[in-house]
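Worksheet for the structure shown next.
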């Protein structure tokens, strides 16, 4: 079975500062990795994903995450955050074969302070 | 990306009544749909996996007679909370996945349904 650990439940950061949201996973088989974002009173939206190939993946709004197999991590980073980035961020994992569901971490609440 | 809708977006009901939540994939066929439950300030907990035309597979600890799931077509799955009680109050989220070979690596999520049982 897979599991995901998001070490920080809340991360406050000032506007235009960099941020890193940590995610570690556990799995005995190869996995796909995802970051989802949930804005207040909205559903989950896919932010970025790692399936294969380059270990550094980027989103259209400036976030990036790097898959590190040896450290079983998939940390999310942004060099300069905006107020509009305030949201809940969920790291998720699933086996890279078969029709298996996503397994989510507990989420990290990112609060950007003006 | 693909669109998944849920109806209703919120519902308030009396204890003991049943509530049906619909999940639809609007622009793709979903052979598999997932139902999650999210408690305040917590993560999404998988409740069940639903495959079109077959019985749902429930996660350990989820009462299948309490949470009835029907996946009658490739674009519609329903979750019925039977004899709802206040402890069933939660945010219910469905997710749909296209058939394998058609972007099957991604799950698309509905906006969620807020259930409040009085």
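Chains as they are written, first to last, in this note's numbering: chain A, 1 to 114; chain B, 115 to 232.
Idealized CB from N, CA, C, for every residue including glycine.
### Query
Looking only at C-alpha atoms, which of B:207, B:232 and B:134 sits nearest to residue 42 of chain A?
Within the first chain, the letter at position 42 stands for residue 42 of chain A. For the residues B:207, B:232 and B:134, the minimum Cα distance to residue 42 of chain A belongs to B:207.
### Query
Looking at the structure shown, is residue 207 of chain B part of a helix, part of a strand, or coil, going by DSSP?
In the second chain, the residue the question calls residue 207 of chain B occupies position 93. Strand, per DSSP.
### Selection of the segment 83-100 of chain A by Cβ proximity to chain B, strictly under 7 Å
90 and 99
### Task
Report the neighbours of residue 102 of chain A on chain B: residues whose CB is nearer than 7 Å to its CB, in chain order.
Position 102 of the first chain holds residue 102 of chain A. Simply 221.
### Message
Strictly below 7 Å CB to CB, what residues from chain B border residue 106 of chain A?
### Response
As a first step, residue 106 of chain A must be located in the first chain, where it is residue number 106. Within 7 Å Cβ-Cβ: 156 and 157.
### Query
Hey, would you say residue 58 of chain A sits closer than 8 Å to residue 64 of chain A, going by beta carbons?
In the first chain, counting from the first residue as 1, residue 58 of chain A sits at position 58. In the first chain, counting from the first residue as 1, residue 64 of chain A sits at position 64. It is a contact, given that the beta carbons lie within the stated cut-off.
### Query
Since residue 164 of chain B contacts residue 191 of chain B with CB under 8 Å, what's their CB separation in whole angstroms?
Here residue 164 of chain B refers to the residue found at position 50 when the second chain is read from its first residue. Here residue 191 of chain B refers to the residue found at position 77 when the second chain is read from its first residue. Contact flag correct, Cβ pair sits at about 5 Å.
### Query
Quick one: does residue 135 of chain B have its CB under 8 Å from some CB of chain A?
If you number the second chain from 1, residue 135 of chain B lands on position 21. Answer no: the Cβ-Cβ gap between residue 135 of chain B and chain A never drops below 8 Å.
#### Entry: Secondary structure of residue 212 of chain B, DSSP reduced to three states
Taking the first residue of the second chain as position 1, residue 212 of chain B is located at position 98. Residue 212 of chain B falls in the coil class under three-state DSSP.
### Query
In terms of DSSP beta bridges, what is residue 193 of chain B paired with?
Residue numbering aside, residue 193 of chain B sits at position 79 when the second chain is read from its first letter. BP columns for residue 193 of chain B point to B:135 and B:183.
### Query
With respect to the beta strand (DSSP E) encompassing residue 90 of chain A, which residues constitute its N-terminal and C-terminal limits?
Looking up residue 90 of chain A in the first chain gives position 90. From DSSP, the beta strand (DSSP E) with residue 90 of chain A extends over 87-95.
### Message
Assuming contact is defined by CB atoms lying nearer than 8 Å, are residue 91 of chain A and residue 4 of chain A in contact in what I supplied?
### Response
Taking the first chain and counting its residues from 1, the one referred to as residue 91 of chain A is at position 91. Taking the first chain and counting its residues from 1, the one referred to as residue 4 of chain A is at position 4. Cβ atoms of residue 91 of chain A and residue 4 of chain A: closer than 8 Å.
### Query
How many angstroms separate the CA atom of residue 119 of chain A from the CA atom of residue 48 of chain A?
The requested residue 119 of chain A is not part of the displayed model; chain A covers only 1 to 114.
### Message
I'd like the span of the beta strand (DSSP E) that includes residue 188 of chain B, first residue to last.
### Response
For this step, residue 188 of chain B is matched to residue 74 along the second chain. Here residue 188 of chain B belongs to no beta strand (DSSP E), and DSSP marks it neither H nor E.
#### Entry: Partner residues on chain B for residue 71 of chain A, Cβ-Cβ distance less than 9 Å
Translated into the one-based positions of the first chain, residue 71 of chain A becomes position 71. Correct list: empty, because the minimum Cβ distance to chain B is about 22 Å.
### Message
Give me the residue from B:220, B:151 and B:173 with the minimum Cα distance to residue 201 of chain B.
### Response
Within the second chain, the letter at position 87 stands for residue 201 of chain B. Cα-wise, what sits closest to residue 201 of chain B is B:151.
### Message
Given this structure, state the Cα-to-Cα distance separating residue 193 of chain B from residue 223 of chain B, to the nearest angstrom.
### Response
Here residue 193 of chain B is taken as the residue at index 79 of the second chain, counted from 1. Here residue 223 of chain B is taken as the residue at index 109 of the second chain, counted from 1. Their Cα atoms are separated by approximately 15 Å.
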